[in-house]
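Letter 62 of the sequence shown, counting from 1, is numbered 74 in this note's numbering, and no numbers are missing. A virtual CB, placed ideally from N, CA and C, is assigned to each residue, including glycine.
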Amino acid sequence: GMFMLLLAFTSVAGLTAITFKFLSLTRQRVIPDDLEKKVDRFEEIVATKGAEPLLAEFERGDSALARLCAIAVGQRGRSQSEIAEAVQASARQEIVHLQAGMTVIDVVIAVAPLLGLLGTASGLVVVFSGLEAEADRVTIALGIGRALKTTIVGLAIAVPAIIAHGFFQRRIETLAARLEVLLTKLAHVCERTTSLNSGHAVFPPKS
Numbered sequence: 013g014m015f016m017l018l019l020a021f022t023s024v025a026g027l028t029a030i031t032f033k034f035l036s037l038t039r040q041r042v043i044p045d046d047l048e049k050k051v052d053r054f055e056e057i058v059a060t061k062g063a064e065p066l067l068a069e070f071e072r073g074d075s076a077l078a079r080l081c082a083i084a085v086g087q088r089g090r091s092q093s094e095i096a097e098a099v100q101a102s103a104r105q106e107i108v109h110l111q112a113g114m115t116v117i118d119v120v121i122a123v124a125p126l127l128g129l130l131g132t133a134s135g136l137v138v139v140f141s142g143l144e145a146e147a148d149r150v151t152i153a154l155g156i157g158r159a160l161k162t163t164i165v166g167l168a169i170a171v172p173a174i175i176a177h178g179f180f181q182r183r184i185e186t187l188a189a190r191l192e193v194l195l196t197k198l199a200h201v202c203e204r205t206t207s208l209n210s211g212h213a214v215f216p217p218k219s
C-alpha cells in the first residue's frame with residue numbers, strides 16, 4: 013500500500029540521480045581527452061603554435077579542466093604557491109559540482125531498506141491482528157509472504173544504489189587526482205612565464 017508507493021518514489025529518485033551522475037561524470041564534461049593531451053604538452057604546444065588557441069579554449073569553459081586552466085593562466089607570472097591557491101579555491105567548487113546528486117543516492121541507500129522494513133512490520137501487524145482462531149497455516153504464510161515483499165523491494169532498490177555510489181565515488185576521486193596532476197604541471201609553466209617570455213613568447217601580454 014502506502015509503503016510500496018514510497019518505495020516506488022524512492023526508486024525513481026535513485027534512478028534519476030544515477031542517470032544524472034552517468035551523464036555528468038563523462039570525461040567530455042570533466043577532462044576531455046583532446047584537452048588533456050594539450051594541457052599535458054602545454055609548454056611545447058604554446059612554444060610552437062602560440063598561446064591564443066589554447067587560451068580561447070580555456071576561456072570557453074566547456075569542461076572542468078578548461079575552467080581551472082583558465083584560472084591558472086590568469087595567475088601567470090606569480091609564484092607557484094599563489095597559482096595553486098587560486099586554482100584550489102576553484103577546484104573545490106568543481107569538486108562540489110562533481111559530487112552533485114550523490115546526496116540523493118546516499119538517501120536512497122539509507123531510506124529504501126528502512127521503508128521496506130516498515131512496510132513488512134506494518135503488514136505483519138495487520139496479518140496477525142486480523143487472524144481468527146481457526147486460521148490455518150497457509151493463510152498465515154500467505155500474509156507473511158505479502159508483508160515481506162516490501163523488504164525485498166527495499167533491498168532491491170538499495171543494492172544497485174550502493175554499487176552505483178561506490179562506482180561514482182571512485183570515478184570522482186580518479187578525475188580529481190588527474191586534474192591535480194595536470195594543473196600542477198600547468199602552474200609550474202605559468203610560474204616561469206616571465207623567464208620564458210625572454211625567449212619565445214609563451215603567452216600574449218595580460219591586458
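Asked                                                                                                                                                          : Found
How many Å lie between I169 and P125 at the Cα?                                                                                                                : 8 Å
Rounded C-beta distance between I184 and Q111? I'm assuming under 8 Å.                                                                                         : 7 Å
Can you tell me whether DSSP reads Q87 as helix, strand or coil?                                                                                               : coil
Nearest to K33 by CA position, among F179, E192 and R90, is which residue?                                                                                     : F179
Going by beta carbon distance, what residues of the same chain come within less than 7 Å of L80, once the five residues before and after it are set aside?     : V99, S102, A103, E106, L191 and L195
Mark V236 as exposed unless 16 or more other C-beta atoms lie within 10 angstroms of its C-beta, in which case mark it buried.                                 : There is simply no residue 236 to check, as the chain begins at 13 and stops at 219 in what is shown.
Is the Cβ-Cβ distance between R158 and G135 less than 8 Å?                                                                                                     : yes
Count the other CB atoms, across all protein chains shown, that sit within 10 Å of the CB of R53; report buried if there are 16 or more and exposed otherwise. : exposed
Return the CA-CA distance between R88 and E69, expressed in angstroms with no decimal places.                                                                  : 17 Å
Assuming contact is defined by CB atoms lying nearer than 8 Å, are A189 and I117 in contact in what I supplied?                                                : no
Using beta-carbon positions only, say whether A199 and A84 come within less than 8 Å of one another.                                                           : yes
Using the three-state DSSP reduction, which class does G113 fall into: helix, strand or coil?                                                                  : coil
Whose C-beta lies closer than 6 Å to the C-beta of E55 among residues of the same chain, with five residues either side of it excluded?                        : V201
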